[in-house]
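Notes for the one structure printed next.
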Amino acid sequence: MKLQDLKHSKLRKWVEDFAALAKPEAIVICDGSAAQYKQLMEEMIASGLAMELNRDKKPGCVAFFSDPSDVARVENRTYIASVKEEDAGPTNNWIDPTELKKTLTGLYDGSMKGRTLYVIPFSMGPVGSDIAKIGVEITDSAYVVTNMMIMTRVGKKVLEVLGTDGYFVPCFHSVGKPLAEGESDHGKWPCAPLDKKYIAHFPETREIWSYGSGYGGNALLGKKCLALRIASVIARDEGWLAEHMLILKITNPKGVVKYVSAAFPSACGKTNLAMLIPTIPGWKVETIGDDIAWMKFGKDGRLYAINPEAGFFGVAPGTSEDSNPNALIAASKNTIFTNVAITEDKDVWWEGIGHDAPGKLIDWNGNDWVQNKADKSQKPAAHPNARFTAPASQCPSIAAEWEDPKGVPIDAILFGGRRPRTIPLVHQARDWNHGVFLGSIVGSEITAAALDLKVGTIRRDPFAMLPFCGYHMGEYFKHWIKIGTRTTADKLPKVFYVNWFRKTDEGKWLWPGYGENSRVLKWVFERCEGSAKFVETPIGIMPTIDAIDRPEGVSEKDMAELLKVDREGWLKEVEDVRTNHYPKFGKHLPKELMAMLDELESNLKDCCCGKCKC
Ligand code: O2Y
Ligand code: MN
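If you want this note's numbering, it's the 1-based position in the sequence shown plus 1028.
Okay, here's the thing in structure tokens:
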């Protein structure tokens, strides 16, 4: 397809204007065809940017290796450039939009010299669905194009829906590495230095401008940028929810189905939960999505969720037969691997894959690597944030209705995070506003030194949306409260807080996790049906000690610990929320949440012994 083939005059002019600024060598319109995907891959393999993997072991798979400075989302270079600083709120980086556009226009000037400008028309959500949103990304990275072809729906059908004047979210992306006359990348990953990287969002005009990074969430602009940061603003204005949530389907032995969405901060196992294989006989879990949920009210007053994505951009290290066999199958063909290690027979390997490295590897930096288990300081062969980009349709646990444009009716919403202490295995909110309170205090233990945070401390990540909310988080809390007034209480999802990450004082896991989490899902399911055994406690509704069958290795004492109300720990939690967390939101904090905090404190103080579930 050529630029002249674009029937949408505004889109054509937008591309022409950007091309005049970025000065690419050529312009290609992405039609989304398998032939185009193949051609781009072949070009990248020929140029040395990509490595074709073993055709027998990993058919249709390729590996890429990024620049060491470009390996993950960069939160400190991510901006919400609202007109007023106050509207971005205390949890986002803000720059005046006029100033930021001036800086970025300067950087985009000539940034695509020697490169091809690709135009990617993409749909978040099934093409043509009422809930879907269309974006168009301009990029100079064929790696981005091929990843977008897996992660979203790209091409001609999207242009047909756009017609001659349909609305699209405009997204600019450049790797920020123009080529001089005759220069080539020589197979090296192109990007700009950290201080030149910008992931910018303009919420009022609903634009995304990204520069300098070719990696993941910084460059695949449909995902975190459109489907969360910009969509959260659209959702606020239109009365729905754009959330950092997986969606799963649970079927009980009688064939009754419930749909659950769950928000956990990044690196808390959302993909594993979304693809879980239950250990309890007769129960089935299927996948609708692993990262993002858009939830809108149906005519029946219930919240319906769609997964706006078409693929998984999953973390490879730690993915194994034990932790997530479905993800391994999803990524066994037609998959793009980034920053994994490569075996001598051109297969992939990463730390936590479930078997030792088979002989000599090439690590993600391109160096020879031989596993030395005795050397505790040996650098990993795969980058800890190495990824697989795999089509969702290849996942064995994908639900038949995963692309249903109506979405699926949500029965329960789970919040959670890594909390080694205090937070029990599961508790349920008494009502919607209590659920909003639980979402607002979500936190997770820092497991790796990052973002200047100390390992072992708790980072609050409300609704797991801290890096992804496109506006003031206090106003986002208000939006959630308002959503609860839009229907009757019986139609709203029930809200739960789960914690698979409890540890003993000696640092041993109290709960085995993975497939055994199905026991907790069963209690959630039965609470939605009204059949589960429960008890009211100062923190909310909890299972009785015998309501959840114990997995092997979990003693009665462990279970009591997992389901205990730790009054002292919770009072410290209240204190932390009151002094460190809530004050950040100032006058934007909804009064309902402060009232919930006061009620929790008085419940804990009124409790007769602090141990019982009175
Ligand atoms: O590091 C990146 O660029 C990707 S981050 C990511 C990818 C898939 C799903 N979730 C996340 C996240 O950070 O929440
Ligand atoms: Mn995520």
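We put the beta carbon where it would ideally sit given N, CA and C, even for glycine.
When you compare only the Cα positions, how much space is there between residue i and residue j?
| i | j | result |
| --- | --- | --- |
| valine 1182 | proline 1149 | 6 Å |
| leucine 1479 | histidine 1462 | With a pLDDT of 46 at leucine 1479, under the threshold of 50, the modelled position of this residue cannot be trusted, and the question is left open. |
| histidine 1411 | valine 1102 | 16 Å |
| glycine 1597 | isoleucine 1486 | 13 Å |
| arginine 1105 | glycine 1339 | 26 Å |
| isoleucine 1258 | alanine 1100 | 20 Å |
| threonine 1174 | valine 1090 | 11 Å |
| arginine 1447 | tyrosine 1525 | 11 Å |
| alanine 1575 | proline 1353 | 28 Å |
| tyrosine 1610 | threonine 1307 | 39 Å |
| aspartate 1626 | alanine 1355 | 43 Å |
| tyrosine 1136 | serine 1110 | 21 Å |
| aspartate 1033 | cysteine 1423 | 35 Å |
| arginine 1415 | glutamate 1071 | 21 Å |
| glycine 1163 | alanine 1255 | 10 Å |
| leucine 1077 | phenylalanine 1365 | 12 Å |
| glutamate 1188 | glycine 1471 | 43 Å |
| valine 1563 | glutamate 1503 | 33 Å |
| aspartate 1124 | tyrosine 1107 | 10 Å |
| glycine 1645 | leucine 1274 | For residue 1645 there is no data in the structure shown, the boundaries of the chain being 1029 and 1642. |
| glutamine 1067 | alanine 1492 | 38 Å |
| threonine 1515 | alanine 1321 | 19 Å |
| leucine 1520 | threonine 1513 | 10 Å |
| lysine 1615 | lysine 1506 | 11 Å |
| leucine 1031 | lysine 1184 | 13 Å |
Closer than 7 Å: is that where the CB of residue i sits relative to any heavy atom of the ligand O2Y?
| i | result |
| --- | --- |
| serine 1294 | yes |
| glycine 1244 | yes |
| arginine 1101 | yes |
| phenylalanine 1491 | no |
| asparagine 1413 | yes |
| phenylalanine 1365 | no |
| phenylalanine 1524 | no |
| phenylalanine 1416 | no |
| phenylalanine 1093 | no |
| phenylalanine 1341 | yes |
Hey, could you find the ends of the alpha helix (DSSP H) residue i is sitting in?
| i | result |
| --- | --- |
| cysteine 1556 | 1546–1557 |
| lysine 1298 | 1298–1302 |
| lysine 1522 | Segment 1522–1526 is the beta strand (DSSP E) holding lysine 1522; no alpha helix (DSSP H) there. |
| valine 1173 | 1170–1179 |
| phenylalanine 1046 | 1037–1050 |
| threonine 1126 | 1125–1136 |
Going by DSSP, what residue range makes up the beta strand (DSSP E) through residue i?
| i | result |
| --- | --- |
| isoleucine 1438 | No beta strand (DSSP E) contains isoleucine 1438, which DSSP labels as neither H nor E. |
| methionine 1152 | 1144–1152 |
| lysine 1312 | 1312–1317 |
| methionine 1029 | From DSSP, methionine 1029 is part of no beta strand (DSSP E); its letter is neither H nor E. |
| leucine 1077 | Run containing leucine 1077: none; DSSP gives neither H nor E here. |
| tyrosine 1107 | 1106–1108 |
With a threshold of 7 Å, establish whether the CB of residue i neighbours any heavy atom of the ligand MN.
| i | result |
| --- | --- |
| proline 1459 | Here residue 1459 turns out to be aspartate, not proline, going by the sequence shown. Checking every heavy atom of the ligand MN against the Cβ of aspartate 1459, none is found closer than 7 Å. |
| aspartate 1319 | yes |
| histidine 1272 | yes |
With distances taken from CA atoms, which of the options is nearest residue i?
| i | options | result |
| --- | --- | --- |
| lysine 1312 | Ile1278, Ala1291, Tyr1332 | Ile1278 |
| aspartate 1115 | Leu1590, Met1501, Phe1529, Arg1530 | Met1501 |
| glycine 1317 | Asp1626, Ser1472, Met1179 | Met1179 |
| serine 1169 | Asn1246, Phe1553, Ser1348 | Asn1246 |
| alanine 1333 | Asn1354, Trp1268, Pro1281 | Trp1268 |
| aspartate 1095 | His1214, Ser1061, Glu1113, Lys1086 | His1214 |
| tyrosine 1243 | Pro1218, Arg1234, Thr1233 | Pro1218 |
| lysine 1550 | Phe1505, Val1454, Lys1482 | Val1454 |
| isoleucine 1390 | Ala1402, Lys1407, Gly1382, Gly1380 | Lys1407 |
| tyrosine 991 | Met1303, Tyr1107, Glu1379, Met1079 | As displayed, the chain neither begins before 1029 nor continues past 1642, which places residue 991 out of reach and without an answer. |
| glutamate 1127 | Ser1583, Glu1601, Ala1228, Asn1300 | Ala1228 |
| methionine 1176 | Tyr1239, Gly1060, Asp1098 | Gly1060 |
| aspartate 1489 | Glu1473, Cys1556, Lys1482 | Glu1473 |
| glycine 1006 | Ala1385, Ala1048, Phe1496, Gly1297 | Residue 1006 is absent from the structure shown; the chain starts at 1029 and stops at 1642. |
| leucine 1132 | Lys1041, Trp1237, Asp1084 | Trp1237 |
| arginine 1595 | Arg1514, Arg1449, Lys1482 | Arg1449 |
| isoleucine 1467 | Leu1621, Asn1631, Gly1194 | The question names isoleucine, but residue 1467 is glycine in the sequence shown. Ranking the options by Cα distance to glycine 1467, first place goes to Leu1621. |
Counting beta carbon pairs with one atom in the stretch 1043–1060 and one in the stretch 1130–1148, are three or more of them shorter than 8 Å? By the C-beta criterion, the stretch 1130–1148 is judged to be in contact with the stretch 1043–1060, since at least 3 inter-stretch pairs fall below 8 Å.
Touching by the beta-carbon criterion (3+ pairs, under 8 Å), the stretch 1391–1404 and the stretch 1351–1365
Segments in contact, no.
| said: I'd like to know if the stretch 1437–1444 and the stretch 1402–1417 are in contact, where contact means that at least 3 CB-CB pairs between them fall below 8 Å. | reply: In this structure the stretch 1437–1444 does not lie against the stretch 1402–1417, because fewer than three pairs of beta carbons, one per stretch, are closer than 8 Å.
- Check whether the stretch 1561–1569 touches the stretch 1536–1548, taking contact to mean three or more Cβ pairs, one atom from each stretch, closer than 8 Å. Using a Cβ-Cβ distance cut-off of 8 Å, the stretch 1561–1569 and the stretch 1536–1548 are not in contact, since fewer than three pairs of beta carbons, one from each stretch, lie closer than that value.
Self-check item: Contact the stretch 1276–1296 vs the stretch 1198–1212: 3+ CB pairs below 8 Å
Solution: By the Cβ test, the stretch 1276–1296 is not in contact with the stretch 1198–1212, since fewer than three Cβ pairs between them sit closer than 8 Å.
- prompt: Should the stretch 1368–1379 be regarded as contacting the stretch 1424–1431, the criterion being three or more beta carbon pairs within less than 8 Å?
  reply: Fewer than three beta-carbon pairs drawn from the stretch 1368–1379 and the stretch 1424–1431 are found closer than 8 Å, and the two stretches are therefore not classed as touching.
_Below 8 Å, how does it come out for the stretch 1343–1350 and the stretch 1376–1388: are there three or more Cβ pairs, yes or no?_
Enough Cβ pairs lie closer than 8 Å, so yes.
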